[in-house]
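The structure appears right after this line, and notes come after that.
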Amino acid sequence: MKVAALQLGSMALGDAKLDYYWRICASKGVKILLLGEYVLNLFFKEIENLPSNMVAEQSERHLESIREFSKIYSTILIAPLVIFKKGKLYKSLVIASGGEVQFYHQQRLIPFDHWNEARFFANSLPKNPKNPPVFEIDGIKIAPLFGYEAHFDEFWLKFKRLDVDLTLIPSASTFDSLNRWREMLKTRAFLNSCYILRANRVGEYQMESSTWKFYGDTLWVKPNGEIEDSLGEKEELLLGELDQGYLEEIRRSWAFR
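Per the numbering used here, the very first residue in the sequence shown carries number 17; after that it's consecutive.
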């Protein structure tokens, strides 16, 4: 099964690039296209300073385009999007296929002083999180998980019990976290005997005293814990192929699940 991760900076003002890459993926028989966090929207620190109605208008415009594109292209889109509902903003994930969309609201949000999504968004943060959505394509079980959520064991235990074969992780990682992310996802893939596709944002956010650089390094990680492919720091498309026979071989060899 072919999958793809699109590595971009923010395209909050238009969907031409999304249309372009989505078309390419559909033409190559790609089943899933994953976007990073804060690609359809501006970065979080910028959203913090915008009126909610402006954020809502941007997101609704993207959502309309996503619905229309998903009617045209067979590839399923998985993309983070800030949702406006009943006067509040929610950090969510859109799963789009055939003109229909499904939403997953993030259940663990960054709470740091310099980057506090937990305080800003209206998402519910349950002590015991619910299962993220799990769907199946060609006998492969697939589940999405936000970048910050990937740090929490409870989600991976759920995925192991649910026999998830492929975990999709959109992220917006910055600072000096590249090696930490690589080691974490390699370990998660190995211990859960699953493939991981991680799409990370690129670009910069300029503060008065510093620049936040989103370094890319979008990854395709095999269930033996090895990185099979990765991207650099620029706009690129990563294509990966999931081998179900190899996945079953790894599970028999290590018997972790």
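Just so it is clear, CB atoms sit at the ideal spot from N, CA and C, and this is done for glycine as well.
Since this is a predicted model, take the numbers as computed values, not measurements.
Quick one: what's got a C-beta closer than 8 Å to residue i's C-beta in the same chain, skipping five residues either side?
i, result
"Tyr-89", "Trp-38, Arg-39, Cys-41, Ala-42"
"Ile-156", "Met-17, Asp-181, Leu-182, Leu-258, Gln-260"
"Tyr-231", "Ser-189, Thr-190, Leu-194, Asn-216, Val-218, Glu-249"
"Arg-267", "Ser-209, Pro-239, Arg-273"
"Arg-198", "Asp-233, Leu-235, Ile-243"
How would you label residue i, buried or exposed, when you count the other beta carbons within 10 angstroms and need 16 or more for buried?
i, result
"Asn-216", "buried"
"His-78", "buried"
"Phe-162", "buried"
"Ala-205", "buried"
"Asp-192", "exposed"
"Leu-36", "The question names Leu, but residue 36 is Tyr in the sequence shown. With fewer than 16 other Cβ atoms within 10 Å, it is exposed."
"Gln-118", "exposed"
"Ala-28", "buried"
"Ser-187", "buried"
Note the first and the last residue of the continuous alpha helix (DSSP H) segment covering residue i.
i, result
"His-78", "68-88"
"Tyr-37", "32-43"
"Asn-216", "It is not in any alpha helix (DSSP H) - Asn-216 instead sits in the beta strand (DSSP E) that spans 211-216."
For residue i, name the three-state secondary structure that DSSP assigns.
i, result
"Lys-104", "strand"
"Ala-138", "coil"
"Pro-269", "Here the sequence assigns Ser to residue 269, which means Pro is not the residue at that position. Here Ser-269 sits in helix by DSSP."
"Glu-220", "strand"
"Gln-260", "helix"
Residue i to residue j, Cα distance in whole Å?
i, j, result
"Asn-144", "Tyr-106", "19 Å"
"Trp-172", "Ile-185", "12 Å"
"Leu-125", "Phe-60", "12 Å"
"Asp-245", "Gly-103", "41 Å"
"Lys-238", "Phe-100", "36 Å"
"Ser-26", "Ser-108", "16 Å"
"Asp-179", "Met-223", "43 Å"
"Ile-153", "Thr-203", "25 Å"
"Glu-170", "Asn-139", "18 Å"
For residue i, collect the residues of the same chain with a Cβ closer than 7 Å to its Cβ; drop the 5 residues on either side in sequence, then sort them by chain order.
i, result
"Ser-113", "Ser-86, Ile-92"
In its own chain, which residues sit with a C-beta less than 6 Å from the C-beta of residue i, not counting the 5 before and 5 after it?
i, result
"Ala-166", "Ile-185"
If you follow the beta strand (DSSP E) that residue i is part of, which residue opens it and which one closes it?
i, result
"Thr-227", "227-231"
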